[in-house]
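Report on the structure given below.
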Amino acid sequence: MLDFSQLGGTNPVDSSFNPREIFQALPKVSGKFQYPRDVQSQVWTKWYDRRDTNNLVIKMNTGGGKTSVGLLVLKSCLNEKKGPAVYVVPDNYLVDQVVSEAKELGIDTTKNPHDPRYLSGNSILVINIHKLVNGRSVFGVDDEGIKVPIGSIIIDDAHACLDTVDQQFTMEVPSTSPLYNELRSTFDSVLERQNYAKYHEILSGDPSAFLQVPFWSWQKQQAVVTQSLVKYKNERVIEFSYPLLKNHLQLANCVFSANKVEISPHFIPISVIPALGQATRKIFMTATLADDSILSTHFGVRPNELSNPITPDSAGDVGDRMILLPQVINPQITDEDIQQLCTSVSRKHNVVVIAPSTYRAKQWEGVADLTLSSSNISEGVTRLKTQHVGLVVLNNRYDGIDLPQTACRLLVIDGLPDARNLIDRVKQSSLMSSNYDNVEKIQRIEQGMGRGVRSSDDYCVVLLTGKGLTSTIYTDNAIENFSPATRAQMNISESVATQVADKPASELEKLMDYCLLQDAQWVGFSKGQLAQLTYEERAESKPIKLSLYDAYLSAIRGDVNGACRIIEATANTCDDNALKGYLKQVLAEYTNIDDESQAQLILLNANTYNQRLLKPLSGLSYTKVNGLTQEQAEQCSSYLSGKFLIRNKMIIAANAVIDDLYFKPKSANKFEAAMDNLAKMLGFNSQRPELAYNKGPDNLWSIGNQQYLVIECKNEATSDTINKSYCNQLNGSSTWFENQYDFTSQHTPIMVHPSVQFEYASSPKPTIRIVNDQKLQELRDNALSFFESISTHNEINNVDAIREKLATYKLRGQDIVEHYTVPFKG
Numbered sequence: 001m002l003d004f005s006q007l008g009g010t011n012p013v014d015s016s017f018n019p020r021e022i023f024q025a026l027p028k029v030s031g032k033f034q035y036p037r038d039v040q041s042q043v044w045t046k047w048y049d050r051r052d053t054n055n056l057v058i059k060m061n062t063g064g065g066k067t068s069v070g071l072l073v074l075k076s077c078l079n080e081k082k083g084p085a086v087y088v089v090p091d092n093y094l095v096d097q098v099v100s101e102a103k104e105l106g107i108d109t110t111k112n113p114h115d116p117r118y119l120s121g122n123s124i125l126v127i128n129i130h131k132l133v134n135g136r137s138v139f140g141v142d143d144e145g146i147k148v149p150i151g152s153i154i155i156d157d158a159h160a161c162l163d164t165v166d167q168q169f170t171m172e173v174p175s176t177s178p179l180y181n182e183l184r185s186t187f188d189s190v191l192e193r194q195n196y197a198k199y200h201e202i203l204s205g206d207p208s209a210f211l212q213v214p215f216w217s218w219q220k221q222q223a224v225v226t227q228s229l230v231k232y233k234n235e236r237v238i239e240f241s242y243p244l245l246k247n248h249l250q251l252a253n254c255v256f257s258a259n260k261v262e263i264s265p266h267f268i269p270i271s272v273i274p275a276l277g278q279a280t281r282k283i284f285m286t287a288t289l290a291d292d293s294i295l296s297t298h299f300g301v302r303p304n305e306l307s308n309p310i311t312p313d314s315a316g317d318v319g320d321r322m323i324l325l326p327q328v329i330n331p332q333i334t335d336e337d338i339q340q341l342c343t344s345v346s347r348k349h350n351v352v353v354i355a356p357s358t359y360r361a362k363q364w365e366g367v368a369d370l371t372l373s374s375s376n377i378s379e380g381v382t383r384l385k386t387q388h389v390g391l392v393v394l395n396n397r398y399d400g401i402d403l404p405q406t407a408c409r410l411l412v413i414d415g416l417p418d419a420r421n422l423i424d425r426v427k428q429s430s431l432m433s434s435n436y437d438n439v440e441k442i443q444r445i446e447q448g449m450g451r452g453v454r455s456s457d458d459y460c461v462v463l464l465t466g467k468g469l470t471s472t473i474y475t476d477n478a479i480e481n482f483s484p485a486t487r488a489q490m491n492i493s494e495s496v497a498t499q500v501a502d503k504p505a506s507e508l509e510k511l512m513d514y515c516l517l518q519d520a521q522w523v524g525f526s527k528g529q530l531a532q533l534t535y536e537e538r539a540e541s542k543p544i545k546l547s548l549y550d551a552y553l554s555a556i557r558g559d560v561n562g563a564c565r566i567i568e569a570t571a572n573t574c575d576d577n578a579l580k581g582y583l584k585q586v587l588a589e590y591t592n593i594d595d596e597s598q599a600q601l602i603l604l605n606a607n608t609y610n611q612r613l614l615k616p617l618s619g620l621s622y623t624k625v626n627g628l629t630q631e632q633a634e635q636c637s638s639y640l641s642g643k644f645l646i647r648n649k650m651i652i653a654a655n656a657v658i659d660d661l662y663f664k665p666k667s668a669n670k671f672e673a674a675m676d677n678l679a680k681m682l683g684f685n686s687q688r689p690e691l692a693y694n695k696g697p698d699n700l701w702s703i704g705n706q707q708y709l710v711i712e713c714k715n716e717a718t719s720d721t722i723n724k725s726y727c728n729q730l731n732g733s734s735t736w737f738e739n740q741y742d743f744t745s746q747h748t749p750i751m752v753h754p755s756v757q758f759e760y761a762s763s764p765k766p767t768i769r770i771v772n773d774q775k776l777q778e779l780r781d782n783a784l785s786f787f788e789s790i791s792t793h794n795e796i797n798n799v800d801a802i803r804e805k806l807a808t809y810k811l812r813g814q815d816i817v818e819h820y821t822v823p824f825k826g
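For reference, each letter of the sequence shown is one residue, going 1 to 826 in full-length UniProt numbering.
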């Protein structure tokens with residue numbers, strides 16, 4: 001009956017550039033969106049003033065209504081004729097969520113990049129990051145140019161999207177493919193020279209062994225590698241990754257394991273998706289994480305654009321979280337205690353556990369009501385949102401899942417996130433807990449912690465468990481890597497923890513009830529601490545990662561000398577030895593492009609700072625582990641007091657070390673590092689010769705009186721017998737020791753293995769001893785009791801007490817072989 005065009009005026013939905021005005025005029029389907037929140041209006045206003053900036057970062061706390069903010073920003077862009085407009089999320093589950101929210105708001109969306117409504121700027125395209133970034137992207141790749149245009153783009157949950165971008169730019173070739181064998185045959189000899197033991201572990205199918213191809217060999221064999229890849233480029237294994245990587249192979253990493261080879265660039269050359277580079281407006285929406293440098297290294301956002309993100313006026317608009325670290329409250333609390341506590345809470349509330357690996361997820365099998373994997377995640381999350389399920393375990397999902405309100409009232413982050421790919425494992429083993437390495441772990445933990453509180457009126461208890469996770473959070477001030485709101489909630493929790501110190505796990509349920517039952521005093525205190533929080537200005541200091549990224553960009557532009565100058569300056573100002581050595585190794589790699597002999601000298605120097613790096617061609621001369629110059633108790637005291645100023649930090653670190661001394665898969669490097677740390681904490685001298693020099697045993701302990709333990713760790717073994725290869729390895733390490741040390745030094749060869757029986761064809765030396773499961777458990781128990789005892793009585797500086805307790809717990813040099821090893825059976 002009415003022709004609205006004759007009434008005059010225009011409809012703000014399709015004409016206004018102001019997101020708030022558009023919001024008010026939208027024909028909303030749901031009663032949920034009657035008024036915008038303050039934080040949404042603040043962000044829209046700030047974005048509107050700066051909307052013509054090419055790259056913008058919007059930071060909002062989880063649950064601040066980010067999706068609506070993004071949809072209205074893109075609707076404004078369409079009204080301003082800055083389309084077509086794309087809304088990108090990490091996965092399909094979230095695509096459906098965005099489409100559903102847009103429908104409730106009354107905004108038109110499509111999932112089809114070829115939809116005329118998208119191309120004409122009348123509809124917002126909603127896709128997952130995988131659709132945008134892959135070697136056959138519908139938007140066009142590299143020299144194909146732009147096939148589907150992008151005018152304005154929002155990448156939501158940008159940090160979560162990074163995982164997929166990494167995955168897309170990683171060529172992963174399984175060992176069942178003929179391409180794997182072709183690539184390995186190219187590098188066989190250099191891998192064997194680099195690390196003989198690991199190379200043969202890979203050949204024998206050991207799932208934990210991995211080896212990086214040395215950069216000089218990788219660069220030299222570029223033509224051979226490229227020919228192999230061209231031959232298989234249409235095979236399923238590399239058809240999506242080859243087009244992204246083919247022009248960026250020189251500065252890439254290549255890592256072999258028994259079941260695959262991975263090739264990945266140092267940084268993401270995102271320019272190979274030209275439609276993304278040509279977009280007029282790029283907006284990255286992210287939760288309030290502390291380190292945004294990865295937006296530069298993955299999406300090419302310039303650091304000066306990162307330093308001024310758009311944020312709401314207050315950073316305190318987060319839900320109520322009580323964050324507890326049970327093993328800090330009471331170091332005696334075990335994993336079993338925590339499982340019992342969670343089981344008890346799960347009778348009344350939904351409890352969600354995020355486990356870092358399949359192995360860790362299995363530890364919860366006995367108490368879990370439901371375990372979610374990629375196949376049933378959507379259905380499982382729906383059940384959590386609509387009913388009481390109990391205790392639910394998620395395997396390695398730290399982002400991309402919303403668990404609002406009753407879907408999750410207790411969230412457990414159970415242990416440190418696992419390395420996602422082989423090059424991450426190489427870096428972790430090179431850097432071993434430097435702050436550079438910890439930042440990424442902390443960010444993944446914080447992403448996980450954000451799953452359970454999805455709005456400012458939501459609430460949830462968060463348990464951070466696992467000795468490794470606890471130890472990482474308290475190392476090198478790592479807490480500073482959390483966002484302002486999480487740091488404030490951690491501080492509240494520390495205050496709470498001091499009042500309940502040493503309480504058993506069972507009593508923590510009463511403490512949780514303050515949050516779970518929304519006790520008025522607790523809510524008032526918790527919200528009050530957050531009310532004054534604001535977003536911090538970023539420091540202008542240049543993170544190391546950004547310096548390395550600048551160097552990479554210089555190198556791929558052809559300015560290798562410029563790249564070397566950047567890395568050298570960064571390495572020279574670094575005061576962390578492990579990281580300094582790693583940076584010098586990167587410098588050697590770039591130097592090698594023009595000067596191979598200088599590169600080897602730089603790498604030799606890098607190894608003086610960090611022995612976990614690639615070994616130079618000339619080899620390293622072996623430096624003997626010192627005999628004990630002090631009595632064991634004195635050395636134990638001076639080591640502990642020098643490393644741990646606070647006794648509680650000592651017991652947290654001791655727990656983390658003990659927690660790595662188990663027979664379990666994919667843990668060889670952690671186990672050997674824990675053996676090294678345990679020796680030092682007990683007052684012995686210790687070395688990892690095989691790691692540092694590619695020769696000798698996994699661990700070498702100097703235990704006093706010219707006595708040494710030559711140790712081979714096979715903690716991933718599951719067989720009923722010790723195979724011939726392991727036997728030969730230990731015999732070889734024993735011979736190595738005799739060649740390196742004179743007749744005054746005595747040694748005992750030791751094998752850590754669940755079995756005491758050598759297989760039929762073996763010829764073990766008669767002096768060999770075995771640490772089996774029972775003996776390893778006794779060592780763990782006694783070592784932990786020793787550390788707990790000197791911690792409880794504050795005796796780190798009391799040499800007499802330490803001497804007495806080393807004897808009590810049978811941890812003196814003369815006790816180790818007798819009490820923690822058994823003879824083998826032939």
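All C-beta atoms, glycine included, are put in the ideal place defined by N, C-alpha and C.
It should be emphasised that the depicted structure is a prediction, and the values quoted were computed from it without experimental measurement.
C-beta atoms of residue i and residue j nearer than 8 angstroms
i    : j    : result
Y535 : S296 : no
I423 : I58  : no
N61  : P90  : no
D659 : G468 : yes
L583 : A599 : no
V86  : L183 : no
S76  : N18  : yes
S471 : A653 : yes
V318 : L411 : no
G683 : C713 : no
S373 : N350 : no
Residue i in three-state terms, based on DSSP
i    : result
G9   : Only weak support exists for where G9 lies, its pLDDT of 49 falling under 50; the coordinates are left without a value.
T465 : strand
S541 : Per-residue confidence for S541 stands at a pLDDT of 49, beneath the threshold of 50, marking its modelled position as unreliable; no derived number is given.
S16  : coil
N685 : strand
D815 : helix
D320 : strand
E631 : coil
H349 : coil
L26  : coil
Y459 : strand
L391 : strand
W364 : coil
E101 : helix
N797 : coil
Beta strand (DSSP E) segment containing residue i, residue limits
i    : result
L411 : 410 to 414
I238 : Here I238 belongs to no beta strand (DSSP E), and DSSP marks it neither H nor E.
K59  : 55 to 59
Y474 : Run containing Y474: none; DSSP gives neither H nor E here.
V710 : 707 to 713
Limits of the unbroken alpha helix (DSSP H) element including residue i
i           : result
I790        : 773 to 792
Y196        : 196 to 203
Y118        : 116 to 119
residue 834 : Lying outside 1 to 826, the shown extent of the chain, residue 834 is not represented and no answer is given.
N79         : 66 to 79
Whole-Å CB distance - residue i paired with residue j, under 8 angstroms assumed
i    : j    : result
S123 : N79  : Their Cβ separation, rounded to whole angstroms, is 13 angstroms, which puts S123 and N79 out of contact at 8 angstroms.
D402 : R454 : 5 angstroms
L26  : G106 : 4 angstroms
### Query
Touch check for the segment 496 to 514 and the segment 329 to 348: three-plus C-beta pairs under 8 angstroms?
yes
### Task
Decide yes or no for the touch test of the segment 696 to 703 against the segment 236 to 247: beta carbon pairs closer than 8 angstroms, at least 3 of them.
no
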